[in-house]
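The block underneath contains the structure these notes are about, expressed in structure tokens.
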Amino acid sequence: RQMYHYGNFSQNFLWGVSSSAYQIEGAWREDGKGLSIWDKFTHTPGKISEHDTGDVACNSYNKMEDDIAALKKVKVSHYRFSISWPRILPDGTTKYINQAGLNYYKKLLDSLIAANIEPQVTLYHWDLPQALQDVGGWENETIIERFKEYADVLFENLGPKVKLWITFNEPFVITVLGHVQGAHAPGLNDRPDTLPYIVGHNIIKSHAEAWHVYNDKYRASQGGLVSITVNSDWAEPRNPYKQEDYEAARNVFYLGWWAHPIFNGDYSPLVKKSVLDQSLAGGLTKSRLPEFTPEEIKRINGTYDYFGLNHYCSVLAFPVDFGTTQHFEADSDRTWLETGSVWLRMTPFGLRRLLKFIKDEYRNPPIIITENGVSENGPVDLNDVHRKYYYEKYINQVLKAYLLDDVNIIGYTAWSLLDNLEWGVGYTERFGLFYVNRTDPDLPRTPKASVSYYSSIISCNGFPDPASGPQECWNPTPTIRLIAAHFRFLRQHWDIVINWMSPESEYIIQLQ
Ligand code: GBH
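Mapping the sequence shown onto my numbering, position 207 (from 1) lands on 208, and the numbers just tick up by one.
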């Protein structure tokens with residue numbers, strides 16, 4: 002768990018960075034773009050820290066050259082970005098296709114290809130056209146047809162330039178943050194018992210339909226790959242000597258809710274049983290989880306070309322008694338230690354375990370990590386030692402998964418290119434490799450120290466063994482020393498350090 006591993010990734014390994022439309026584009030009403038649920042949500046008082054919005058964001062809509070220059074500096078082989086649905090279809094339907102929106106993405110794709118950077122395009126990173134929300138959004142099953150038509154427009158117009166597609170970014174977050182907690186657009190939290198399962202059901206079907214459109218109409222001529230990106234923390238049993246904690250860790254509705262229907266067929270027996278048991282305990286006569294028909298199970302099963310994974314941290318699992326509560330939270334044992342507002346803990350070992358889990362559970366699919374990264378808040382310090390530490394340790398665990406556990410990992414994508422709109426917390430938490438100075442109206446991008454660090458991992462395609470002599474691509478400074486110098490940052494994350502960073506933690510405690 003703590004050991005450093007030396008070695009290389011496969012020769013064609015994809016190295017990238019990721020972004021999403023609403024978080025960076027701005028230009029919220031330019032060139033005929035329609036409004037999205039995030040435009041409405043951020044303009045609703047009280048929803049976002051500091052009243053931040055994505056009206057301007059990083060102005061990537063008008064600063065394409067700057068973004069391409071940043072990508073070249075990192076020396077990535079691919080760039081993951083998302084398309085704003087209402088920029089292409091202002092009212093969400095194909096009644097009117099906004100050519101200016103298509104042109105923007107065509108130009109972006111051409112610029113990437115000219116820079117020798119492979120685009121990876123997400124169809125839906127949460128910015129649903131408001132007009133579709135007005136008729137029920139993901140709750141209304143006509144959304145499946147709307148999503149299919151939207152996907153068709155993108156494949157037809159942009160497909161000749163794209164080899165890697167992602168239908169949905171993080172169905173879990175769409176469902177749970179948007180429709181259970183209400184912390185994300187559309188901000189619904191009034192039916193935590195049933196709504197997540199209805200929304201989730203329609204998302205899974207929408208994904209499958211989009212995959213079939215590509216498979217039937219475009220695969221032969223375009224030859225790309227289409228898949229879905231699910232997010233998952235790694236759930237570690239809180240007490241490794243307790244069977245109940247092991248079971249709680251397995252009963253986390255995160256990955257399997259989506260991956261099981263798509264990779265294995267149908268909801269998993271575990272998800273079915275948990276929702277059924279809790280429904281019956283509450284006096285209902287049947288489960289709140291909708292069922293797929295046998296035809297639907299068949300149509301959804303296998304609609305993937307790779308496994309897209311977003312991962313940030315691990316959580317500790319233990320059983321909690323929810324009584325007869327009819328609430329999504331009560332259907333799975335999803336509980337973890339909290340530390341104020343900090344949801345993200347540095348837990349590199351969990352990524353290796355999660356990758357092995359995916360390999361075993363879903364029959365060894367090719368995996369692309371489509372997001373992984375870390376934030377800071379407060380005063381700006383371009384020497385982002387914590388981010389270097391995070392990337393070094395996490396990517397090293399990915400290497401172990403590849404070399405020691407034989408996981409079929411084909412790509413890694415850092416989140417994120419720029420400091421951007423971090424959803425509900427606005428611009429207060431910064432995940433970027435590049436700092437964006439928001440007090441300068443020009444919004445200049447400045448590389449943080451982690452840019453050259455990540456870039457050297459990319460140049461080396463891994464971590465060459467220093468024993469094999471000096472490396473042109475790699476001259477690492479042991480991060481432990483750097484961490485000591487940046488002890489102040491770690492103080493904010495004190496219990497994380499204690500919990501997760503041993504044996505380094507011993508060193509830090511001594512320093513204190
Ligand atoms: C990703 O989600 C998103 O795809 C990306 O757009 C985002 O910028 C990035 O992460 C960084 O957050 O506040 O306790 O309710 C990652 C999964 C799930 C992480 C929800 C934050 C909120 C925890 N996210 N979680 S809490």
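All C-beta atoms in this analysis are idealised placements derived from N, C-alpha and C, irrespective of residue type, glycine included.
Predicted model, so just to flag it, every value in this text is computed and none were measured.
Query: Roughly how many whole angstroms lie between the Cα atoms of W495 and R346?; Result: For W495, the predicted model reports a pLDDT of 40, less than 50, meaning its position is unreliable; a value from the coordinates is still stated below. Approximately 11 Å between the Cα atoms of the pair.
Query: The ligand GBH and L178: does any heavy atom of the ligand fall closer than 7 Å to the residue's C-beta?; Result: yes
Query: Going by alpha carbons, who is nearest to S460 out of Y62, S83, V77 and G412?; Result: V77
Query: With DSSP collapsed to three states, give me the class of L226.; Result: strand
Query: In terms of DSSP beta bridges, what is I118 paired with?; Result: None; I118 has no bridge partner.
Query: Should E377 go down as buried or exposed, given a rule of 16 or more other Cβ atoms within 10 Å for buried?; Result: buried
Query: Between which two residues does the beta strand (DSSP E) containing V18 stretch?; Result: L15 to S19
Query: DSSP state of W29, grouped into three classes?; Result: coil
Query: Nearer than 7 Å: is that true of the beta carbon of V174 relative to any heavy atom of the ligand GBH?; Result: yes
Query: Sorry if obvious, but does the Cβ on S417 come closer than 7 Å to a heavy atom of the ligand GBH?; Result: yes
Query: Pick out the complete alpha helix (DSSP H) segments inside the region 138-203, 4 residues or longer, and give them in chain order.; Result: 144-159 and 172-180
Query: Can you check which of these residues, Y268, P320 and H180, is closest to R239 by C-alpha distance?; Result: P320
Query: Let me make sure I understand the geometry here. Which of N203, E292, D194 and A318 has the alpha-carbon closest to that of Q244?; Result: A318
Query: Specify, as a first and last residue, the run of the beta strand (DSSP E) that G309 falls within.; Result: F308 to N311
Query: State the DSSP-derived secondary structure class of W344, mapped to helix, strand or coil.; Result: coil
Query: Is the closest heavy atom of the ligand GBH to the C-beta of Q24 under 7 Å?; Result: yes
Query: Out of A249, A58, E31 and V154, which one is the CA nearest neighbour of C442?; Result: The amino acid occupying residue 442 in the given sequence is Pro; Cys does not appear at that position. Cα-wise, what sits closest to P442 is A58.
Query: According to DSSP, which residues form a beta bridge with T414?; Result: G17
Query: Nearest CA to the CA of S456: which residue from W475, Q12 and V381?; Result: W475
Query: Within the present structure, is the beta-carbon of N170 separated from the nearest heavy atom of the ligand GBH by less than 7 Å?; Result: yes
Query: In this structure, what does DSSP give as the bridge partners for L317?; Result: E237
Query: Among N438, V437 and D420, which residue has its Cα nearest to the Cα of R431?; Result: D420
Query: Taking only runs that begin and end inside the region 243-276, name each unbroken beta strand (DSSP E) of 3 or more residues, in chain order.; Result: none
Query: Tell me whether H104, by its Cβ, gets closer than 7 Å to a heavy atom of the ligand GBH.; Result: In the sequence as presented, His is not what sits at residue 104; that position holds Asn. No.
Query: For F10, which of N462, E473, P448 and P471 has the nearest alpha-carbon?; Result: N462
Query: Tell me whether V426 sits in a helix, a strand or coil according to DSSP, three-state version.; Result: helix
Query: From the DSSP output, in three-state form, read off I205 for me.; Result: helix
Query: If you draw a straight line from the alpha carbon of Y106 to that of A209, how long is it in whole angstroms?; Result: 24 Å
Query: Quick one: is H52 buried, meaning 16 or more other Cβ sit within 10 Å of its Cβ, or exposed?; Result: exposed
Query: Return yes when the C-beta of P252 is under 7 Å from any heavy atom of the ligand GBH, and no when it is not.; Result: For the sequence presented, residue 252 should be read as Asn rather than Pro. The answer is no for N252.
Query: Less than 7 Å separating the Cβ of E423 from some heavy atom of the ligand GBH?; Result: yes
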